[in-house]
Amino acid sequence: MFSFSIILFGVTFLLITASYALTLFNHMRKVKVIKASSKGSERIVEKYKQAPGPVPWPVIGNLALLARFEGPFEAFTELSKELGDIYSLTIGSIRCLVVSNLDLIKEVLNQNGKFFGGRPDFLRYHKLFGGDRNNSLALCNWSALQQKRRNLARSHCSPRGSSSHFKRMSDIGCLEITELMLKLKNETSKGQELDIKPLLQRTCANMFTHYMCSVRFDYEDRDFQKTVEYFDEIFWEINQGRVYDFFPALAPFFRKDITTIVKWSAFIRNFILKRIMHDRNRNIDMEEDEKDFTDAILRSLSEGEDVTKDTILYMLEDFIGGHSAVGNLVLIALGHVAKNPLIGERIREEADKISTNANRKVNLYDMDKMPYTMATIAEVLRYSSSPIVPHVATEDAIISGYGVTKGTVVFINNFKLNTSSQLWTNPDIFDPERFLEQTSETKSQKLLSKTNSKPKVNPDMETAEDDFDKKNLDRNVRLKANIPHFIPFSIGKRTCIGQNLLRGFAFILLANILQQYRVCAKDLAKIKTKPACVALPVKTYSLAFTAHTTRENNIHL
Numbered sequence: 001m002f003s004f005s006i007i008l009f010g011v012t013f014l015l016i017t018a019s020y021a022l023t024l025f026n027h028m029r030k031v032k033v034i035k036a037s038s039k040g041s042e043r044i045v046e047k048y049k050q051a052p053g054p055v056p057w058p059v060i061g062n063l064a065l066l067a068r069f070e071g072p073f074e075a076f077t078e079l080s081k082e083l084g085d086i087y088s089l090t091i092g093s094i095r096c097l098v099v100s101n102l103d104l105i106k107e108v109l110n111q112n113g114k115f116f117g118g119r120p121d122f123l124r125y126h127k128l129f130g131g132d133r134n135n136s137l138a139l140c141n142w143s144a145l146q147q148k149r150r151n152l153a154r155s156h157c158s159p160r161g162s163s164s165h166f167k168r169m170s171d172i173g174c175l176e177i178t179e180l181m182l183k184l185k186n187e188t189s190k191g192q193e194l195d196i197k198p199l200l201q202r203t204c205a206n207m208f209t210h211y212m213c214s215v216r217f218d219y220e221d222r223d224f225q226k227t228v229e230y231f232d233e234i235f236w237e238i239n240q241g242r243v244y245d246f247f248p249a250l251a252p253f254f255r256k257d258i259t260t261i262v263k264w265s266a267f268i269r270n271f272i273l274k275r276i277m278h279d280r281n282r283n284i285d286m287e288e289d290e291k292d293f294t295d296a297i298l299r300s301l302s303e304g305e306d307v308t309k310d311t312i313l314y315m316l317e318d319f320i321g322g323h324s325a326v327g328n329l330v331l332i333a334l335g336h337v338a339k340n341p342l343i344g345e346r347i348r349e350e351a352d353k354i355s356t357n358a359n360r361k362v363n364l365y366d367m368d369k370m371p372y373t374m375a376t377i378a379e380v381l382r383y384s385s386s387p388i389v390p391h392v393a394t395e396d397a398i399i400s401g402y403g404v405t406k407g408t409v410v411f412i413n414n415f416k417l418n419t420s421s422q423l424w425t426n427p428d429i430f431d432p433e434r435f436l437e438q439t440s441e442t443k444s445q446k447l448l449s450k451t452n453s454k455p456k457v458n459p460d461m462e463t464a465e466d467d468f469d470k471k472n473l474d475r476n477v478r479l480k481a482n483i484p485h486f487i488p489f490s491i492g493k494r495t496c497i498g499q500n501l502l503r504g505f506a507f508i509l510l511a512n513i514l515q516q517y518r519v520c521a522k523d524l525a526k527i528k529t530k531p532a533c534v535a536l537p538v539k540t541y542s543l544a545f546t547a548h549t550t551r552e553n554n555i556h557l
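This is how it looks when you write it as structure tokens:
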């Protein structure tokens, strides 16, 4: 028995030593890159050193450097002060590259996007999508099928303002907001806080299923409620880092957690199959005009394209799941309004102006006329700084003169872009004004701008613009057309295809809720968000909704 223990210890020691030797080799080795020579067809091989980075420890790599921070992107940003805007890390035995400025990000995602089209091969990603992460549009490696799926979705997810899809999206958004207002009227009472998230997420889910599948569900439908809840659980889960992502050998210790996420995704898939796809697949008429996204993908199946029933099922799951991002974003925005009521007042003033004092619902065609509301949505995206899904090098490549080995996980550190005092004034303050610009400016407006240039900080509020003159709401302002360092949906060929759905439905929700209700909270300290995360836990803060006295009769409109 004693000798067996010695042998076991010796074998374990040798395995750890061999593993660490390989880790050190991968850390120090130069990368061979094949390049075309100036002579044309001839190829030459050049060696490039890798980006600088700390020496990894045995087994854990550089994990200890990240452990003292609340989230990885805070750690990446802090480490960039010492290591620069491009550096290497080893997490476990996996090589990683962190890029933290706009030029480097463009070099990775635009100039060299064809070399960085992969996604991390995390166990969780596979478990969420039926055992194969390539079933997911966001988590798959780039492929011809991925391009085809994006092409099928583009006209529905990014409809032009003059298109029938855009009008349909606007009409559905207004219909669902009417349902939400009726529910809010029944469930709110003055001063009483409400757990608004489940209600908000059901509204968002119906917006997506109604628009993409021409079907909506009763708010009291238990299977629908559970599906929406599980989508929200998955959205929170996918925004968290788990230790077994980089240390798969630890997965058996997290068997219960893994079983739970498999249960969530299986329930959702079964709901979509039975409650949406079953009837649509039987009743599709190839002679009729295409009416929604489900029609488009079912026709591609009937026309013999390289699309299977499973492809369609996972596409619907992916796109319908986008509603969770909308609900979380809107709830975060409402949390900021509770902390600073002036933001809500300004949005209400904009909504009143374009809707003749709430005589109609705010719709998608009003977005350009409500720049402050759109700026508030943009500021939520900046302030929350939702992380961009990591990319993976699909072959050896060069970034900024450094070699990057095939399989390297590349972290796009947009958190640093969103929190840099060199790029934003007072980045730690929530201020939608930063996304606005004046189209014309009078002398009195210039004077107002100067007097308000330094925001006052109130301990109970995020900003306090006490000297803001409401008469100046009519001044000519617009949303800034282009802020190069603001990339909430990434850039390049893998940019988020659903971004217009998110912005559009979030706009309808935020504008109409704040036009009808004043939002507050008894304890502002309970309104908490996680850095570099646009997701909130399923059980999160509650808010109080008080109808504006002049609007109580208009809530049903």
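Quick note on numbering: the UniProt record's numbering labels position 86 of the sequence shown as 86, and the sequence is numbered without any gaps. Glycine residues also receive a C-beta, built at the ideal position from the N, C-alpha and C atoms.
With 16 as the cutoff for other CB atoms within 10 Å, does TYR210 come out buried or exposed? Sequence inspection shows His at residue 210; the Tyr mentioned does not correspond to that position. Buried.
Short of 6 Å in beta carbon distance, which residues of its chain neighbour PRO198, apart from the five on each side in sequence? Order them along the chain. Nothing listed; no residue qualifies.
Below 8 Å between beta carbons: does that hold for LEU273 and LEU313? Against a cut-off of 8 Å, the Cβ pair of LEU313 and LEU273 comes out as a contact.
Do the region 98-106 and the region 404-417 make contact, defined as three or more Cβ pairs closer than 8 Å? Yes: at least three Cβ pairs fall under 8 Å.
With DSSP run on the structure shown, which of helix, strand or coil describes PHE254? helix
Short of 6 Å in beta carbon distance, which residues of its chain neighbour GLU233, apart from the five on each side in sequence? Order them along the chain. TRP264, VAL538
Would you check if the distance between the CB atom of PHE435 and the CB atom of LYS369 is smaller than 8 Å? Taking 8 Å as the Cβ cut-off, PHE435 and LYS369 do not qualify as a contacting pair.
Go ahead and label ASP466 buried or exposed: buried means 16 or more other beta carbons lie within 10 angstroms of its beta carbon, across all protein chains shown. Reliability of the predicted coordinates at ASP466 is poor, the pLDDT of 40 falling under 50, and no value is obtained from them.
Across which residues does DSSP place LYS32 in a beta bridge pair? DSSP, once it has assigned bridges, lists LYS47 as partnering LYS32.
In whole angstroms, what separates the C-alpha of ASN426 from that of VAL243? 34 Å
Under 8 Å between C-beta atoms of GLY88 and ALA51: In the sequence under discussion, the amino acid at residue 88 is Ser, which differs from the Gly named in the question. Yes.
So what does DSSP say about HIS391, is it helix, strand or coil? In the structure shown, HIS391 sits in a strand (DSSP, three-state: E or B).
Let me check one thing: in DSSP terms, what residues is TYR87 bridge-paired to? VAL98
Would you kindly work out how many angstroms separate the C-alpha atoms of PRO248 and LEU123, rounded to a whole number? 7 Å
Our contact map puts VAL380 next to LEU316 with C-beta atoms below 8 Å; I'd like the distance itself, whole angstroms only. So it is not a contact: roughly 27 Å between Cβ atoms.
Between LYS167 and the ligand FMN, is the CB less than 7 Å from at least one heavy atom? By its list of ligands, the structure shown contains no ligand whatsoever, and the ligand FMN lies outside what it can speak to.
Give me the residue from PHE254, ALA375, ASN141, SER162 with the minimum Cα distance to LYS114. ASN141
With DSSP collapsed to three states, give me the class of ARG532. One point to set straight first is that residue 532 is Ala, not Arg, in the sequence displayed. Here ALA532 sits in coil by DSSP.
Distance, SER155 Cα to PHE293 Cα: 9 Å
Residues in the same chain with beta-carbon distance under 6 Å from LYS526, minus the five sequence neighbours each way, listed in chain order, please. TYR541
CB ASN363 to CB CYS174, shorter than 8 Å? Yes, the pair counts as a contact, with Cβ atoms nearer than the cut-off.
Measuring only the C-alpha atoms, how far is VAL33 from ASP396? If you take the alpha carbons of VAL33 and ASP396, they lie about 6 Å apart.
Quick one: residues in its chain with C-beta nearer than 8 Å to the C-beta of THR419, no 5 flanking neighbours on either side, listed in chain order? A distance below 8 Å between beta-carbons, with the five flanking residues on each side excluded, links THR419 to the following residues of its chain, in chain order: THR77, SER385, PRO427, ASP428.
Would you check if there are 3 or more beta carbon pairs closer than 8 Å linking the region 500-517 to the region 177-194? yes
Beta-bridge partners of VAL477, as assigned by DSSP: GLN438
First and last residue of the uninterrupted alpha helix (DSSP H) at GLY403: Looking at the DSSP string, GLY403 is not in any alpha helix (DSSP H); the run it does join, the beta strand (DSSP E), is 402-404.
Let me confirm a value: ILE16 is counted as buried when at least 16 other C-beta atoms fall within 10 Å, else exposed. Which label applies? exposed
Any idea if ILE196 is buried or exposed, counting beta-carbon neighbours within 10 angstroms, 16 or more meaning buried? The residue is buried, with at least 16 neighbouring Cβ atoms inside 10 Å.
Looking at the unbroken alpha helix (DSSP H) that takes in VAL519, where does it start and where does it end? Unbroken run through VAL519 is the beta strand (DSSP E), 517-520; no alpha helix (DSSP H).
Nearest-angstrom Cα distance between THR495 and SER3? 58 Å
Check SER3 in the structure and name its three-state DSSP category. helix
Under the three-state DSSP convention, the category THR188 falls into: coil
Around the Cβ of PRO252, are there at least 16 other Cβ atoms within 10 angstroms (buried) or fewer (exposed)? exposed
Using the C-alpha atoms, what's the distance from ARG275 back to residue 635? The chain is shown from 1 up to 557; residue 635 falls before or after that span and cannot be answered.
Would you report the Cα separation of THR451 and VAL262, rounded to the nearest angstrom? No answer about THR451 holds up, because its pLDDT of 41 lies below 50 and its placement is not dependable.
Run the CB neighbour count on SER324, radius 10 Å, all protein chains shown included, and call it buried at 16 or more, exposed below. buried
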